[in-house]
Ligand code: FES
């Protein structure tokens, strides 16, 4: 196996990134139980300033990135968002704002329109006020509905995003009805991927196979009846599959994320992987990070693979699955993703699904809302570097 710190693929084998995700801040007014931000996000409290973000945008565009997502946390908590959108527009990016809607006033919508924002993705937690507000631990449902209306009045194309799990899967028809009533052009029904806070709350969130099959049938029925009025994406939950997802379309292949503190990442959750040092954009040029850094080269190509992936005829299809999931479930990011039934550790995933069916583990701990106090507590238990020590996250597939 290659050395995790020094392994490096030749730059000429590597295509440029297509998609830049600028995670402007980990701060967020919501407390979602499935948030994909790192559970120890309070360790990484520094944020790039406006000039540093503009430099990142310029470098990424020069590299070839064409799509840009402004994300977080809640990106509207940055009062320079409009400045960054305008800069991105001038550079020729197609820009998308991923937001909870909190803080998206008419004045800011006007300013974002003027700055040239192309697209808005608005998250809902459910079609009911009760569940939406429970899962985010806020009273935001009515506000989100007003924001959805304002987004359409300002003429933005809108993706409505709803993360699916045991609680809201039975409401899929109502969620689709809500998206249609709001005039969303796209609806992303993203079954929970179990990283970050969702991993901690997995016993609460993991659905039954029966729930999933019913939801998928509902989605298919709607697709037949609504035609092109609203495009519905259904991101499948891979614990229920026999082959792993082609995560991020490959490590360091198309996706470049920059965390609030400037750490560059090949996926949302990579900074939790041990043995990898992800460079910071304030210290290393983006081109060098993308093409030459050991961390971005660590899982490119096929040389890093162990058996059974190394000799598998399907390795070019799924690329061995998700590195973060392999680490979370087997303790080694270079193992086959155990979602694959060829993995010697696949039985572990089968057991997790069985336990969810039987609801055996829900009493392990109460559901944990994302908040600073919980993050600090979890950070205190976890190894790793913090900002103060000078350290340097839709990983799904659709049907
Ligand atoms: Fe990190 Fe899949 S989420 S490789």
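Numbering (full-length UniProt numbering), first residue to last: 1 to 399.
Virtual Cβ for every residue (Gly too), placed ideally from N, Cα, C.
A distance criterion of 8 Å places the beta-carbon of residue 268 in contact range of ligand 1, judged by its closest non-hydrogen atom. The Cβ-Cβ distance between residue 273 and residue 333 falls below 9 Å. Here DSSP, grouped into helix, strand and coil, assigns residue 353 to helix.
Shortest gap from the CB of residue 195 to any heavy atom of ligand 1: under 8 Å. Inclusion of residue 188 and residue 121 in the CB contact set at 9 Å is warranted, their separation being smaller than that value. Residue 234 is bridged by DSSP to 189.
Residue 232 and residue 192 have their C-alpha atoms some 16 Å from each other.
Residue 179 and residue 151 have their C-alpha atoms some 13 Å from each other. With a cut-off of 8 Å on Cβ pairs, the stretch 165-172 is in contact with the stretch 124-135, counting three or more such pairs. The beta carbons of residue 270 and residue 323 sit closer together than 9 Å. Taking C-beta separations shorter than 7 Å and ignoring five residues to either side along the sequence, the partners of residue 106 in its chain run 150, following chain order.
Given a length threshold of 3 residues, each whole run of the beta strand (DSSP E) inside the stretch 27-85 is given here in chain order: 67-71.
Taking 8 Å as the cut-off, the C-beta of residue 251 counts as close to a heavy atom of ligand 1. If you check the C-beta of residue 58 against ligand 1, you find no heavy atom less than 8 Å away. Rounded to whole angstroms, the separation of the alpha carbons of residue 131 and residue 374 is 21 Å. Taking a C-beta distance under 9 Å as the contact criterion, residue 52 and residue 282 qualify as a contact pair. Closest in alpha carbon position to residue 258, among 59, 35, 32 and 40, is 59. Per DSSP, the beta bridge partners of residue 121 are 98 and 159. DSSP places residue 219 within a helical segment (H, G or I) once states are collapsed to three.
Using a cutoff of 8 Å, the CB of residue 305 does not count as near ligand 1, since none of the ligand's heavy atoms is closer than that.
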